[in-house]
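What follows is one structure encoded as structure tokens, with my remarks underneath.
Number of protein chains: 2
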Amino acid sequence: MSVQRILIAGEWRPAVARSSFRAEHPATGELLPDEFPVSSWADCDAALAAATAAADFLRVAPPEQIAQFLTRFADRLETRKLELVAAAHTETALPKMPRLAEVELPRTTGQLRQAAAAVLEGSWACPTIDTKLNIRSLLSPLGPVLVFGPNNFPFAYNGVAGGDFAAAIAAGNPVIAKGHPGHPLTTRLLAEEALAAVRESGLPPATVQLIYHLAPEDGLRFVADRRLGAVGFTGSRAAGLQLKAAADAVGKPIYVEMSSVNPVVILPGALAERGAKIVEEFAGSCLLAGGQFCVSPGLVILFADGEAAQFIAGVKARLESAPSATLLSSGVARNLAANVELLRQAGAELITGGSLLAGNRFANTLLRVSGATFSSAPDKLQTEAFGNAALVVEVRDAAEAARVLGHLEGNLTGSIYSDTRGGDDALYAQLAPLLRARVGRLLNDKMPTGVAVTAAMNHGGPFPATGHPGFTAVGIPASLRRFAMLQCFDQVRPHRLPRALQDKNPNGRMLRLIDGGWSQRDATAA
Amino acid sequence: MSVQRILIAGEWRPAVARSSFRAEHPATGELLPDEFPVSSWADCDAALAAATAAADFLRVAPPEQIAQFLTRFADRLETRKLELVAAAHTETALPKMPRLAEVELPRTTGQLRQAAAAVLEGSWACPTIDTKLNIRSLLSPLGPVLVFGPNNFPFAYNGVAGGDFAAAIAAGNPVIAKGHPGHPLTTRLLAEEALAAVRESGLPPATVQLIYHLAPEDGLRFVADRRLGAVGFTGSRAAGLQLKAAADAVGKPIYVEMSSVNPVVILPGALAERGAKIVEEFAGSCLLAGGQFCVSPGLVILFADGEAAQFIAGVKARLESAPSATLLSSGVARNLAANVELLRQAGAELITGGSLLAGNRFANTLLRVSGATFSSAPDKLQTEAFGNAALVVEVRDAAEAARVLGHLEGNLTGSIYSDTRGGDDALYAQLAPLLRARVGRLLNDKMPTGVAVTAAMNHGGPFPATGHPGFTAVGIPASLRRFAMLQCFDQVRPHRLPRALQDKNPNGRMLRLIDGGWSQRDATAA
Numbered sequence: 035m036s037v038q039r040i041l042i043a044g045e046w047r048p049a050v051a052r053s054s055f056r057a058e059h060p061a062t063g064e065l066l067p068d069e070f071p072v073s074s075w076a077d078c079d080a081a082l083a084a085a086t087a088a089a090d091f092l093r094v095a096p097p098e099q100i101a102q103f104l105t106r107f108a109d110r111l112e113t114r115k116l117e118l119v120a121a122a123h124t125e126t127a128l129p130k131m132p133r134l135a136e137v138e139l140p141r142t143t144g145q146l147r148q149a150a151a152a153v154l155e156g157s158w159a160c161p162t163i164d165t166k167l168n169i170r171s172l173l174s175p176l177g178p179v180l181v182f183g184p185n186n187f188p189f190a191y192n193g194v195a196g197g198d199f200a201a202a203i204a205a206g207n208p209v210i211a212k213g214h215p216g217h218p219l220t221t222r223l224l225a226e227e228a229l230a231a232v233r234e235s236g237l238p239p240a241t242v243q244l245i246y247h248l249a250p251e252d253g254l255r256f257v258a259d260r261r262l263g264a265v266g267f268t269g270s271r272a273a274g275l276q277l278k279a280a281a282d283a284v285g286k287p288i289y290v291e292m293s294s295v296n297p298v299v300i301l302p303g304a305l306a307e308r309g310a311k312i313v314e315e316f317a318g319s320c321l322l323a324g325g326q327f328c329v330s331p332g333l334v335i336l337f338a339d340g341e342a343a344q345f346i347a348g349v350k351a352r353l354e355s356a357p358s359a360t361l362l363s364s365g366v367a368r369n370l371a372a373n374v375e376l377l378r379q380a381g382a383e384l385i386t387g388g389s390l391l392a393g394n395r396f397a398n399t400l401l402r403v404s405g406a407t408f409s410s411a412p413d414k415l416q417t418e419a420f421g422n423a424a425l426v427v428e429v430r431d432a433a434e435a436a437r438v439l440g441h442l443e444g445n446l447t448g449s450i451y452s453d454t455r456g457g458d459d460a461l462y463a464q465l466a467p468l469l470r471a472r473v474g475r476l477l478n479d480k481m482p483t484g485v486a487v488t489a490a491m492n493h494g495g496p497f498p499a500t501g502h503p504g505f506t507a508v509g510i511p512a513s514l515r516r517f518a519m520l521q522c523f524d525q526v527r528p529h530r531l532p533r534a535l536q537d538k539n540p541n542g543r544m545l546r547l548i549d550g551g552w553s554q555r556d557a558t559a560a
Numbered sequence: 035m036s037v038q039r040i041l042i043a044g045e046w047r048p049a050v051a052r053s054s055f056r057a058e059h060p061a062t063g064e065l066l067p068d069e070f071p072v073s074s075w076a077d078c079d080a081a082l083a084a085a086t087a088a089a090d091f092l093r094v095a096p097p098e099q100i101a102q103f104l105t106r107f108a109d110r111l112e113t114r115k116l117e118l119v120a121a122a123h124t125e126t127a128l129p130k131m132p133r134l135a136e137v138e139l140p141r142t143t144g145q146l147r148q149a150a151a152a153v154l155e156g157s158w159a160c161p162t163i164d165t166k167l168n169i170r171s172l173l174s175p176l177g178p179v180l181v182f183g184p185n186n187f188p189f190a191y192n193g194v195a196g197g198d199f200a201a202a203i204a205a206g207n208p209v210i211a212k213g214h215p216g217h218p219l220t221t222r223l224l225a226e227e228a229l230a231a232v233r234e235s236g237l238p239p240a241t242v243q244l245i246y247h248l249a250p251e252d253g254l255r256f257v258a259d260r261r262l263g264a265v266g267f268t269g270s271r272a273a274g275l276q277l278k279a280a281a282d283a284v285g286k287p288i289y290v291e292m293s294s295v296n297p298v299v300i301l302p303g304a305l306a307e308r309g310a311k312i313v314e315e316f317a318g319s320c321l322l323a324g325g326q327f328c329v330s331p332g333l334v335i336l337f338a339d340g341e342a343a344q345f346i347a348g349v350k351a352r353l354e355s356a357p358s359a360t361l362l363s364s365g366v367a368r369n370l371a372a373n374v375e376l377l378r379q380a381g382a383e384l385i386t387g388g389s390l391l392a393g394n395r396f397a398n399t400l401l402r403v404s405g406a407t408f409s410s411a412p413d414k415l416q417t418e419a420f421g422n423a424a425l426v427v428e429v430r431d432a433a434e435a436a437r438v439l440g441h442l443e444g445n446l447t448g449s450i451y452s453d454t455r456g457g458d459d460a461l462y463a464q465l466a467p468l469l470r471a472r473v474g475r476l477l478n479d480k481m482p483t484g485v486a487v488t489a490a491m492n493h494g495g496p497f498p499a500t501g502h503p504g505f506t507a508v509g510i511p512a513s514l515r516r517f518a519m520l521q522c523f524d525q526v527r528p529h530r531l532p533r534a535l536q537d538k539n540p541n542g543r544m545l546r547l548i549d550g551g552w553s554q555r556d557a558t559a560a
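Dropping the structure here:
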């Protein structure tokens, strides 16, 4: 059987491969039929060379053309929906319905269309004009962006179709996707539609390129290559930290989303008022997609008393009666087992679950630890057990809760449940600032799963959730700003300026900061 | 004589010092009378502890109070102008007039007032509201910011009064300043006024703290401390890279401005049209403040022909007839001599200058190299010779010019001179994109010195000019965004939201992205 081809410079060509791999059927562990290449440096080099030329074109391409590509790509994905959903289901075991067909694919096409709208509108680039000094600036394309897609979103975070992809393209950069080896066929299908959309919109063929797999040393070399503009990465903390170090050393912008336990604080009044409801919400959020979300609630902080015991018993019963999902891969299952074991060794007590099951599943798992024990080994007890497992931290009082929160590393999200009559307000006021400083998104009375793609969303957070707390990976137009450099034009002659900085507002609705005031008007000297 | 005190938690207290130092009189090398401490880690720790508490206050302080501090501080600096100018002149040898009194101090107070205006207006934080989902986000304070000031701007980039200081405070963070050891007295005077303004505006005393000097290992530990929110650094590449690596390793936002040779490309038509004028502009920019600007033009690219020879002869004559300035310190003079030597060893030929003079001066220096030689050792020949020296690169044709530009590292600025009748336009079109991608600010027909503090300014650029090409250190409000984290509030109850995210627009003029449209209106559900 021949090895699948990679997409370089608009051609599906044989890889210069180090070796090859096959994805596994999650439930059975059987290898799937298609064989994919592990690229050598020669492939990376070819992709970079082609992307560099494409970047020169994209830098000056009309926004309409880039928007057309994004929209056509979204349309095409819908046309091929059945095949995409089938491939992703086979490779990830994620349910076809509603997850893949009704949630994730629409989210993916929605992101592409929102990105297209942002390109057309243009305000995302913060065009700024000083007419008196004739100094003008805006955020501009950076050059080729390398996107590493994660295992848990075969569409919506795929390197060749997902959030980082849409943001990088919308900001005017070509993308080189490094697919996730867990779902290479899904990625190939997406890339086929991307290439067709590239052709239909007249963009350079190398606007979208795809490599399936890399040796670690080639990945480290890639992110530090001088021709590369930036990197987007979603995946494990170990890989993220290595890539970040390699990129940081040469000042290459890299956006890594690495890990998060997404603490949920449930205050006593909330538990007394609606404990049963919160049990349902928590267990539901915890088990959603086998707990394989970046924002799965992995850490719950409760105040130890009768209500807490009842909450734990309720969650235990709920987890024990619910089926355990087939996980994304045998690797996910093994890591989950190892991390649950690590939590136990650090002092966590197993309430339920804790064991691998047939069919690449893991028993729905709940662990418990006291606030004092947590504070004695806070690093280990913040280990992310990616999958259907969560740890309850029982604190004795507000002071202990504050200590636990004070130990938290950066997270994507943090939730606080409080009662509706104000009884928890004093406690909220004391604890919320501690949590607020450590999370990108603070929720009230709500579990963190379900990341809405809205301009106000922040899917980001302090280290080690991500590498920089000022940026978000979801939420358009803010996510575009990651893949841009600030370019200032000082006395540059009018005909040489980018359209967005010329006196005339190019579309009549782009918001620009002109002589200190935000406006949609043309720029005319005062 | 007693050692000067440091400013911690609102008190001038004796340092827990490792040792002490005295600044030198630049022209004579004599040590100045005041003795200042080199702090130990105990001082850093005390500053961090106090700043952490101050940060909690500032996070929720009304914008009016922060703006009042910035404005009062600016007023106070003007009141103490004579003493400040005298101290800075003594410590740096920079001219009192016009530089210190009429340019740099007004720039400093102007920055503080612009920052105050940005705080009051509030749009800098990009408040974003989705009324349907009740998700809201904005840029928020990060926590204590450590600012390392450079040697060459005793006021406008001083850690306790300059651009990073103003931006960090305006974004709602306390500042711990690490003064530059070249001008500790100036820094003390500035800090005295800052402290008085802190008191007058009712902010926590630890809003502004000052340490004069640190051992390198304490600096590295400081930037990686968990309590610190971010770091601003302006200085040498060696120190900047070390601090950046230490901060990057723990995901701490650090903004470093390190080095730049600020290439100037003079196209043949411009030289033929107005060569004598460009000689004047170039020599003037080159010698301004002894060439000790981050944006001093250190590299000139010319097309080798008769006009180029005439340009070089003109600059040579101009440099030889102009006085050589007293440099900021003997260290600057020694480094300049060493770097000129390094350029010569890499193949540059000395046209004029090249030697140390009495009174801590260096002969105005011009070097020359061919495009081919430059391209054979591009790294060495991009060595920044900070001070009154510049290197001319003579290229034979457009292809060689393109090769030279292709070798350039990231710079703060790049200039292109072209003729006014369009004769250089084809060459411009070919070369400008190469330069554009490598510089933060592109100029036409203008030397890079003179960084206007305007919203449209970018004082930043690709690595190694800075650590991230998306940010600027000058230009308000953009410079504030460096010292902020993105905070999202998901279903957070209305009374718990920051004022800027509540339905009512807090000042009626803050621009917010509400349900997809930028607006100054109140947020009401559609």
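Chains as they are written, first to last, in the numbering used here: chain A, 35 to 560; chain B, 35 to 560. Note that the Cβ used here is the ideal one computed from N, Cα and C, for glycine as well. Predicted model only: the values in this text are computed from it and were never measured.
- Bounds of the beta strand (DSSP E) holding Ala-211 of chain B are 209-212.
- Taking a Cβ-Cβ cut-off of 7 Å, His-441 of chain B has no neighbours in chain A, whose nearest Cβ is about 10 Å from it.
- Residues of chain A whose Cβ lies closer than 8 Å to the Cβ of Phe-497 of chain B are, in chain order, Val-284, Gly-285, Lys-286.
- The residue from B:Asp-431, B:Gly-457, B:Asp-77, B:Phe-420 with its alpha-carbon nearest to that of Ile-245 of chain B is B:Asp-77.
- In the three-state DSSP reduction, Gly-448 of chain A falls in the strand class (E or B).
- Between Ala-249 of chain B and the set B:Gly-213, B:Ala-85, B:Arg-110, the nearest pair of CA atoms involves B:Gly-213.
- Close to Trp-552 of chain B, with beta-carbon spacing below 8 Å, are these residues of chain A in chain order: Ser-157, Leu-545, Trp-552.
- Sequence-distant Cβ neighbours of Ala-272 of chain B in its own chain, meaning closer than 7 Å and more than five residues away, do not exist here.
- In the DSSP annotation of this structure, the continuous segment of the alpha helix (DSSP H) that includes Cys-320 of chain B starts and ends at 302-321.
- Using a CB distance cut-off of 7 Å, Lys-480 of chain A counts as an interface residue toward chain B.
- A distance below 6 Å between beta-carbons, with the five flanking residues on each side excluded, links Leu-333 of chain B to the following residues of its chain, in chain order: Val-295, Pro-297, Leu-425.
- At a cut-off of 4 residues, the continuous stretches assigned as alpha helix (DSSP H) that sit fully inside the segment 137-198 of chain A are 139-155.
- Apart from the 5 residues on each side of it in sequence, Pro-215 of chain A sits with its Cβ closer than 7 Å to the Cβ of Phe-55, Ala-57, Tyr-246, His-247 in its chain, given in chain order.
- Around the CB of Glu-434 of chain A, 16 or more other CB atoms lie within 10 Å, so the residue is classed as buried.
- What Thr-506 of chain B touches in chain A, judged by beta-carbon distance under 9 Å, is Ser-171, Leu-520, Cys-522, going in chain order.
- Contact annotation, Ile-42 of chain B with Ala-84 of chain B: C-beta distance approximately 6 Å; criterion of less than 8 Å satisfied.
- Annotated three-state conformation of Val-487 of chain A is coil, per DSSP.
- Closer than 9 Å at the C-beta level to chain B, one finds these residues of the segment 70-93 of chain A: Ala-89, Asp-90, Arg-93.
- With contacts defined as CB atoms closer than 7 Å, Pro-184 of chain A and Thr-126 of chain A fail to qualify as a contacting pair.
- In terms of beta-carbon proximity, Gln-148 of chain B stays away from the interface with chain A, with every pair separated by 7 Å or more.
- Under the criterion of beta carbons closer than 8 Å, Asn-445 of chain B and Ala-499 of chain B qualify as touching, at roughly 5 Å.
- Annotation: Cβ neighbours of Ile-163 of chain B in chain A (cutoff 8 Å, chain order): Ala-490.
- One alpha carbon belongs to Leu-370 of chain A, the other to Gly-421 of chain A, and they sit about 6 Å apart.
- With respect to the C-alpha of His-493 of chain A, the residue from A:Val-50, A:Ala-436, A:Met-292, A:Leu-262 having the closest C-alpha is A:Met-292.
- With a contact defined as Cβ atoms closer than 8 Å, Leu-172 of chain A and Gln-521 of chain A qualify at about 6 Å.
- DSSP lists B:Val-265 as the bridge partner or partners of Ile-288 of chain B.
- Minimum Cα-Cα distance from Val-153 of chain A among the listed residues A:Glu-136, A:Ser-174, A:Ile-163, A:Arg-170 corresponds to A:Ser-174.
- In the structure shown, Met-131 of chain A adopts helical secondary structure according to DSSP, grouped into three states.
- Straight-line spacing of the CA atoms in Pro-331 of chain B and Val-374 of chain B works out to 15 Å.
- In this structure, the CA atom of Ala-310 of chain B is about 43 Å from the CA atom of Trp-158 of chain A.
- Under the three-state reduction of DSSP, Gly-421 of chain A is assigned to coil, being neither helix nor strand.
- With contacts defined by Cβ atoms closer than 7 Å, Arg-368 of chain A and Thr-86 of chain A do not form a contacting pair.
- Fewer than three Cβ pairs drawn from the segment 400-408 of chain B and the segment 448-467 of chain B lie within less than 8 Å of each other, which leaves the two stretches out of contact.
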